[in-house]
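What follows is a set of notes on a single structure, which appears directly below.
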Amino acid sequence: MLLGTLILLAWLALWLWGESPYGRYLSHHTLGEVRGGGLLMLVFIAGWTLMTVAMMLPTSLPLIVLFRALVQRRRDRQQLVALLLTGYLLIWTLFGALVYAGDAVLHALAEPGGWLQANAWLLGAGTLVLAGLYQFTPLKYHCLDKCRSPLGFITEHWRGRDEHRQALRLGLYHGLFCMGCCWSLMLLMFAVGVGNLGWMLMLGAIMAVEKNMPWGRRLSAPLGVALLGWGLALIVAGGLAPWTL
134 MLLGTLILLA WLALWLWGES PYGRYLSHHT LGEVRGGGLL MLVFIAGWTL MTVAMMLPTS
194 LPLIVLFRAL VQRRRDRQQL VALLLTGYLL IWTLFGALVY AGDAVLHALA EPGGWLQANA
254 WLLGAGTLVL AGLYQFTPLK YHCLDKCRSP LGFITEHWRG RDEHRQALRL GLYHGLFCMG
314 CCWSLMLLMF AVGVGNLGWM LMLGAIMAVE KNMPWGRRLS APLGVALLGW GLALIVAGGL
374 APWTL
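Going by our numbering, the sequence shown opens with residue 134, and the numbers climb by one from there.
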């Protein structure tokens, strides 16, 4: 119940943020206009973390529910679940910080000549192609299989000794494999804007199906083909076709 409320509040906060004058801090397309220091990075990371809570926690509910059942009889069960979530969200927050830093470097290198502004469509096309290609890699499937077996994952990484430390480690490990499975799809969210609720709903649903439905593993290859086709179509069209929602 509490976790569901947290997820709903994250969606609500992102919607309100996106509708406010500060919504531009969530958008990759306007980051170049407002970027100006570490404070802006912290604001963006806050939005990214909200997006992770809204999109990625629902995909990991089977593992979270199983872990909560495992520690149900412990007095510190709430602390253990909180540590699990902290480790998981920390991995995704670090990923968001790395992506932000990489984008800042890209802008610094490309903006002096005006290339990035003139060829902004190419970033979207390149992100789509990268995400499509990654869908076919062994690493993608290795991480996906780990995410699709929550009971086996907990059994592998939870020993019940030094519980607080192990709960945090379990969250960190699960976050790493979840990121290994879904980082390229989350990169699309950076490109279209962290506050884009339409993309969040669509990609969140796709990742939830991939990770949790019995037939979800078979979705990866068709999704890769679709992303590759979309990205290549944009490249062929020379950036004339719109690709954001």
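Just so you know, even glycine gets a beta-carbon here, dropped at the ideal spot from N, CA and C.
Collapsed DSSP secondary structure at residue i in the structure displayed
{"i": "Ser-193", "result": "coil"}
{"i": "Phe-286", "result": "helix"}
{"i": "Asn-379", "result": "Since the first residue shown for the chain is 134 and the last is 378, residue 379 is missing from the structure and cannot be characterised."}
{"i": "Val-232", "result": "helix"}
{"i": "Ala-374", "result": "In this prediction, Ala-374 has a pLDDT of 46, which is less than 50 and means its spatial position is unreliable; what the coordinates show is noted afterwards. Coil, per DSSP."}
{"i": "Arg-210", "result": "helix"}
{"i": "Met-346", "result": "coil"}
{"i": "Gly-293", "result": "coil"}
{"i": "Gln-205", "result": "coil"}
Buried/exposed call for residue i, threshold 16 Cβ in 10 Å
{"i": "His-275", "result": "exposed"}
{"i": "Ala-187", "result": "buried"}
{"i": "Arg-208", "result": "exposed"}
{"i": "Glu-152", "result": "exposed"}
{"i": "Trp-225", "result": "buried"}
{"i": "Pro-355", "result": "exposed"}
{"i": "Ala-338", "result": "exposed"}
{"i": "Pro-375", "result": "Because the pLDDT of Pro-375 is 49, which lies under 50, any placement of that residue in the model is unreliable, and the question is left without a value."}
{"i": "Gly-364", "result": "buried"}
Beta-carbon contacts of residue i that lie in its chain and below 7 Å, excluding the five residues immediately before and after
{"i": "Ala-264", "result": "Ser-317, Leu-318, Leu-320, Leu-321 and Leu-360"}
Own chain partners of residue i with C-beta closer than 8 Å, once the 5 adjacent residues on each side are dropped
{"i": "Gly-362", "result": "Gly-265"}
{"i": "Leu-199", "result": "Pro-283, Leu-284 and Ile-287"}
Span of the alpha helix (DSSP H), counted from its first residue to its last, around residue i
{"i": "Val-369", "result": "353-369"}
{"i": "Pro-271", "result": "271-280"}
{"i": "Gly-144", "result": "Note that residue 144 corresponds to Trp in the displayed sequence, not to Gly. Its alpha helix (DSSP H) spans residues 135-152."}
Beta-carbon spacing of residue i, residue j below 8 Å
{"i": "Thr-185", "j": "Leu-147", "result": "no"}
{"i": "Ile-178", "j": "Ala-258", "result": "no"}
Contacting residues, own chain, Cβ-Cβ under 6 Å from residue i (five flanking each side not counted)
{"i": "Gln-268", "result": "Ser-353, Leu-356 and Gly-357"}
Residue-level contact to chain B via CB, residue i, 8 Å cutoff
{"i": "Gly-151", "result": "Protein chain content of the structure displayed is limited to a single chain, and chain B is not contained in it."}
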